[in-house]
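Engineer: Structure in structure tokens, see below.
Residue numbers (full-length UniProt numbering): 1 to 342.
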């Protein structure tokens, strides 16, 4: 391996292009060498931004290339299993955007495949673990100064989502999954049950889409997590979190004093409050820290951040959440015992 980590990026949509830019311009000891996407024109347009970066359509060819030391996967979730397995077979570190895969069975296959390799090579892209505020909350809670963690309250709002081909279950699979990982990260234990409910839907949602949604997680130790996910809020990207413990609480994303309002004028355009435009703005620092940590770990040893097990657990909770959305009932989450994987 060279002094710099030579990296290929698979998928050049919004997230893949953002990661390519990050790797090429502001990640130490990283060198972007290749991008791949079925849309060859878009891949070529991205590659031409920098000298020495090639483009192609074949993800597996990129993974197998001798001049690619590590891989970022930002392709659609339904191809993640094949691509991660190829990285494991090649012994190459991989940063895979969420979801790890589309269902818990295929995620579990990746957990087992990585165990067979004998070392961690996969980091799943749950970037909030690297956000300084979430990391600080985790540190305080784990330190025990506030006593046992009892409750977690999460809010996750987007301005809007595409009106075509968007379905209610995508709110659980693609948005709520972040709160699943946050709950596991801050509590340090598994989600054992989930119930997803909804008020009357907003008029801004596409026909048939249930939005907003409210989900309640039950944690293994008895704690509860409330989650509001509202993907057509008509404002901007708003993420809040409050951890309630026996001797105090910790809050992310809310002014310390006073009343504040987020609003949009009829006809669009105006908004109130200090609310980021989108997730890339709100979590820009988290993404930078996440990718730098991945590069450093790939050069120096074992992967950091969310593991294949974390990806599997999040997918299992999301799957149960989609079942709960359909039934309105609480659904238990069933994970295999880690002891059965060795």
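Glycine included, every Cβ here is placed at the ideal spot set by N, Cα and C.
Values in this document were obtained by computation on a predicted structure and should not be read as measured data.
Determine, using beta carbons only, whether residue 182 comes closer than 8 Å to chain C.
Structural biologist: Considering every chain present, this structure includes no chain C. It has just one protein chain.
Engineer: Check whether the region 97-112 and the region 210-223 are in contact - that is, three or more C-beta pairs closer than 8 Å.
Structural biologist: They do not touch, by the three-pair rule.
Engineer: Could you compute how far the alpha carbon of residue 232 sits from the alpha carbon of residue 203?
Structural biologist: Residue mapping note: residue 232 aligns to position 232 of the chain shown, counting from 1. Residue mapping note: residue 203 aligns to position 203 of the chain shown, counting from 1. C-alpha separation (whole angstroms): 9 Å.
Engineer: Leaving out five residues before and five after residue 57 in sequence, what residues of the same chain have Cβ atoms less than 6 Å from its Cβ?
Structural biologist: In the chain shown, residue 57 corresponds to position 57, counting from 1. Within the same chain, residue 57 has close Cβ partners 38 and 40.
Engineer: Please report how far the alpha carbon of residue 292 lies from the alpha carbon of residue 181, in whole angstroms.
Structural biologist: One-based indexing of the chain shown puts residue 292 at position 292. One-based indexing of the chain shown puts residue 181 at position 181. Answer to the nearest angstrom: the Cα atoms are 20 Å apart.
Engineer: Three-state secondary structure (DSSP) at residue 197?
Structural biologist: Residue mapping note: residue 197 aligns to position 197 of the chain shown, counting from 1. Residue 197 falls in the strand class under three-state DSSP.
Engineer: Considering only their Cβ atoms, is the gap separating residue 122 from residue 84 smaller than 8 Å?
Structural biologist: Locating residue 84 in the chain shown gives position 84, counting from the first residue. Locating residue 122 in the chain shown gives position 122, counting from the first residue. Yes, they are a contact pair.
Engineer: In this structure, what does DSSP give as the bridge partners for residue 123?
Structural biologist: In the chain shown, residue 123 corresponds to position 123, counting from 1. The partner list for residue 123 (beta bridge, DSSP) reads 95.
Engineer: In three-state terms, what does DSSP make of residue 238?
Structural biologist: Position 238 of the chain shown holds residue 238. In this structure, residue 238 counts as strand in the three-state DSSP scheme.
Engineer: Sort 108, 8, 45 and 96 by Cα distance to residue 340 and report the nearest one.
Structural biologist: Translated into positions along the chain shown, residue 340 becomes position 340. It is 108 whose Cα lies nearest to the Cα of residue 340.
Engineer: Check the DSSP bridge columns for residue 359 and list the partner residues they point to.
Structural biologist: Residue coverage of the chain in this structure runs from 1 to 342, which leaves residue 359 outside it and unanswerable.
Engineer: Got a sec? Which residues, its chain only, sit under 8 Å from residue 43 by beta carbon, not counting five neighbours each side?
Structural biologist: In the chain shown, residue 43 corresponds to position 43, counting from 1. These residues qualify, in order along the chain: 12, 35, 36, 37, 55, 56 and 57.
Engineer: Is it buried or exposed, residue 326, if we count other Cβ atoms within 10 angstroms and call 16 or more buried?
Structural biologist: The residue you call residue 326 lines up with position 326 of the chain shown. So residue 326 ends up on the exposed side.
Engineer: Would residue 155 and residue 240 be called neighbours here (beta carbons separated by less than 8 Å)?
Structural biologist: The sequence position of residue 155 within the chain shown is 155, counting from 1. The sequence position of residue 240 within the chain shown is 240, counting from 1. Yes, the Cβ-Cβ distance between residue 155 and residue 240 is below 8 Å.
Engineer: Pairs of beta-carbons, one from the region 190-198 and one from the region 274-288, closer than 8 Å: are there three or more?
Structural biologist: Cβ pair count under 8 Å is below three, so no.
Engineer: DSSP puts residue 217 in a beta bridge; with which residues?
Structural biologist: One-based indexing of the chain shown puts residue 217 at position 217. Residue 217 is bridged to 194 and 225.
Engineer: Return helix, strand or coil for residue 117, following the three-state DSSP convention.
Structural biologist: Working through the chain shown from its first residue, we reach residue 117 at position 117. Helix.
Engineer: Would you report the Cα separation of residue 318 and residue 171, rounded to the nearest angstrom?
Structural biologist: Taking the first residue of the chain shown as 1, we reach residue 318 at position 318. Taking the first residue of the chain shown as 1, we reach residue 171 at position 171. The straight-line gap from Cα to Cα measures roughly 10 Å.
Engineer: Do residue 93 and residue 303 come within 8 Å of each other at the CB atom, strictly closer than that value?
Structural biologist: Position 303 of the chain shown, counted from the start, is the residue given in the question as residue 303. Position 93 of the chain shown, counted from the start, is the residue given in the question as residue 93. It is a contact, given that the beta carbons lie within the stated cut-off.
Engineer: Within the continuous beta strand (DSSP E) that includes residue 8, where are the two ends?
Structural biologist: Here residue 8 refers to the residue found at position 8 of the chain shown. 5-10 is the span of the beta strand (DSSP E), which, as asked, contains residue 8.
Engineer: How many angstroms separate the CA atom of residue 268 from the CA atom of residue 143?
Structural biologist: Indexing the chain shown from 1 puts residue 268 at position 268. Indexing the chain shown from 1 puts residue 143 at position 143. Model confidence at residue 268 stands at a pLDDT of 46, short of 50, so the residue's coordinates are unreliable; what they give is reported in the following sentence. Their backbone Cα atoms lie some 45 Å apart in a straight line.
Engineer: Assuming residue 157 and residue 207 make a contact with CB atoms under 8 Å, what is their CB distance in whole Å?
Structural biologist: Taking the chain shown and counting its residues from 1, one reaches residue 157 at position 157. Taking the chain shown and counting its residues from 1, one reaches residue 207 at position 207. Between residue 207 and residue 157 the Cβ distance is about 21 Å, and since that is not below 8 Å, they are no contact.
Engineer: Residue 56 by DSSP, collapsed to three states: which one?
Structural biologist: Here residue 56 refers to the residue found at position 56 of the chain shown. Three-state result, residue 56: strand.
Engineer: Candidates 29, 17 and 63: which alpha carbon is nearest residue 45's?
Structural biologist: Position 45 of the chain shown, counted from the first residue, corresponds to residue 45. With distances taken between Cα atoms, residue 45 lies closest to 17.
Engineer: Can you check whether the CB of residue 60 is closer than 8 Å to the CB of residue 31?
Structural biologist: Taking the chain shown and counting its residues from 1, the one referred to as residue 31 is at position 31. Taking the chain shown and counting its residues from 1, the one referred to as residue 60 is at position 60. No; because the gap between Cβ atoms is not below 8 Å, this pair is not in contact.
Engineer: Report yes if the C-beta distance between residue 254 and residue 146 is below 8 Å; otherwise report no.
Structural biologist: Within the chain shown, residue 254 is the residue found at index 254, counting from 1. Within the chain shown, residue 146 is the residue found at index 146, counting from 1. No.
Engineer: With distance defined between alpha-carbon atoms, name the residue in 48, 98, 66 and 51 nearest to residue 72.
Structural biologist: Counting from one through the chain shown, the residue named residue 72 turns up at place 72. Out of 48, 98, 66 and 51, 98 has the C-alpha closest to the C-alpha of residue 72.
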